[in-house]
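J.:
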Amino acid sequence: MTRQQLDVQVRNGSLVRVWYGVYSRAMPDLIGRLGALDVAMGRPVVASMGTAAALYGFDTENTTAVHVLDPGVRMRPTTGLVVHQRTASPVQWVAGRRATAPAWTAVEVARQLRRPRALATLDAALRSRWCTSGDLERAVLRQRGRRGITAVRELLPFADARAESAMESEARLVMLDHGLPRPELQFTISSPNGQRWRVDFAWPAARVAAEYESVEWHAGRAEMLRDKVRFAGVQELGWTVVPIVVHDVRRQPHRLAERIAGHLARGTI
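For the sequence shown, the residue numbers in my numbering are 1 to 269.
Quick look at the structure:
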């Protein structure tokens with residue numbers, strides 16, 4: 001098929017251009033795009049940054065561009081492709097492909113992000129079980145001197161595999177930054193009759209809990225009713241539940257911290 005014929009096929013929607021010289025009937029998934037890039041480069045590429053994080057299952061930033069290490073051949077960044085010049089990056093296999101090692105990847109990604117999202121990445125990396133706190137500490141040491149590493153090093157003691165979403169990580173950092181006691185995560189509250197409810201954050205001594213409420217989770221009536229029943233059950237046991245939404249975390253963090261602090265003070269009187 002000639003170049004002109006390919007262009008016609010792309011224009012009428014019969015084909016999509018994945019990379020220069022590589023076409024497909026439909027845009028492939030991430031593994032397929034990496035495979036197509038192998039074909040375009042004439043050798044296997046190594047996934048890095050957000051692309052590697054996605055392969056390991058801890059891409060909190062919903063990376064759309066494909067990030068790879070410079071393969072050592074002429075390879076220019078283009079739309080949807082970012083080529084990184086990195087030396088001494090450890091590499092391992094995941095999902096049938098080579099990628100920068102998980103702890104190294106998590107620290108590299110976290111270095112590029114604001115503190116709340118950096119903590120979310122570290123939490124997610126631990127939750128994925130691809131790496132441990134010790135692995136992250138060693139990766140931080142190996143990347144010492146690089147931009148953003150100081151902030152990541154300071155966040156590392158707070159990284160926690162129990163965080164179940166990036167926004168829970170962001171909310172927790174608000175609490176820590178404002179001097180609140182470190183909460184228990186994914187804490188189970190039990191009633192005398194055997195009922196059990198789990199809350200995102202808890203300060204058991206004060207009988208105070210906090211729950212992050214996402215718009216996506218409450219998109220359905222069933223989910224909303226389930227949460228109302230859960231909150232009612234927890235409150236009947238003498239607990240105070242503080243609801244948290246994204247506006248609290250990103251727009252009014254001081255007020256959020258004050259609300260929780262007030263409930264904690266009353267709960268410990």
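All C-beta atoms in this analysis are idealised placements derived from N, C-alpha and C, irrespective of residue type, glycine included. Quick caveat: nothing in here was measured; it's all calculated off a predicted structure.
#1: Which of the three DSSP states is assigned to His178 in this structure?
#2: Distance check for Val249 and Gln85, CA to CA, integer angstroms please.
#3: Would you please state the rounded distance, in angstroms, between the beta carbons of Ala106 and Leu136? I believe it to be under 8 Å.
#4: Excluding the 5 residues flanking Gly57 on each side, which residues of the same chain have their C-beta closer than 6 Å to its C-beta?
#5: I need the boundaries of the beta strand (DSSP E) containing Thr51, first residue and last residue.
#6: Please go through the same chain and pick out, in chain order, the residues whose beta-carbon is closer than 8 Å to the beta-carbon of Gly42, but skip the five residues on each side of it.
#7: Does the Cβ of Tyr212 have 16 or more other Cβ atoms within 10 Å, making it buried, or fewer, making it exposed?
#8: Just tell me which of Arg196, Val152 and Pro102 has its CA closest to the CA of Thr132.
#9: Give every residue of the same chain whose Cβ lies closer than 8 Å to the Cβ of Leu126, excluding the five residues on either side of it in the sequence, and list them in chain order.
#10: Is it buried or exposed, Ala232, if we count other Cβ atoms within 10 angstroms and call 16 or more buried?
#11: Straight-line CA distance for Leu155 to Arg146?
#12: Who does Thr78 pair with in a DSSP beta bridge?
#13: Looking at the secondary structure, which residues open and close the beta strand (DSSP E) in which Thr240 lies?
#14: Would you grab the beta carbon distance between Ala124 and Ala118 for me? Rounded to a whole angstrom, and I think it's under 8 Å.
#15: Would you mind working out which of Val18, Ala205, Asn62 and Glu108 sits nearest Ser48, comparing C-alpha positions?
#16: Using a Cβ-Cβ cutoff of less than 8 Å, which residues in the same chain neighbour Asp70 once the five nearest sequence positions on both sides are dropped?
#17: Three Cβ pairs or more, each shorter than 8 Å: is that satisfied between the stretch 170-181 and the stretch 249-259?
#18: Taking only the alpha-carbon atoms, compute the straight-line gap between Asp7 and Met1 and give it to the nearest angstrom.
#19: Measure the alpha-carbon distance for Val140 versus Lys228 and round it to whole angstroms.
T.: This is what the structure holds:
#1: coil
#2: 35 Å
#3: Separation of the CB atoms of Ala106 and Leu136 is rounded to 6 Å, and the pair is thereby assigned contact status at 8 Å.
#4: Ser128
#5: It is not in any beta strand (DSSP E) - Thr51 instead sits in the alpha helix (DSSP H) that spans Met49 to Tyr56.
#6: Listed in chain order, the non-local C-beta contacts of Gly42 below 8 Å within the same chain comprise Val73, local neighbours out to five positions each way being set aside.
#7: buried
#8: Among Arg196, Val152 and Pro102, the Cα nearest to that of Thr132 is on Pro102.
#9: Thr132, Ser133, Leu136, Ala159, Asp160 and Ala161
#10: exposed
#11: 16 Å
#12: Leu81
#13: Unbroken beta strand (DSSP E) run through Thr240: Thr240 to Ile244.
#14: Not quite, the Cβ-Cβ distance comes to about 11 Å (not below 8 Å), so this is no contact.
#15: Glu108
#16: Within the same chain, Asp70 has close Cβ partners Val83, His84, Gln85 and Arg86.
#17: yes
#18: 10 Å
#19: Approximately 42 Å between the Cα atoms of the pair.
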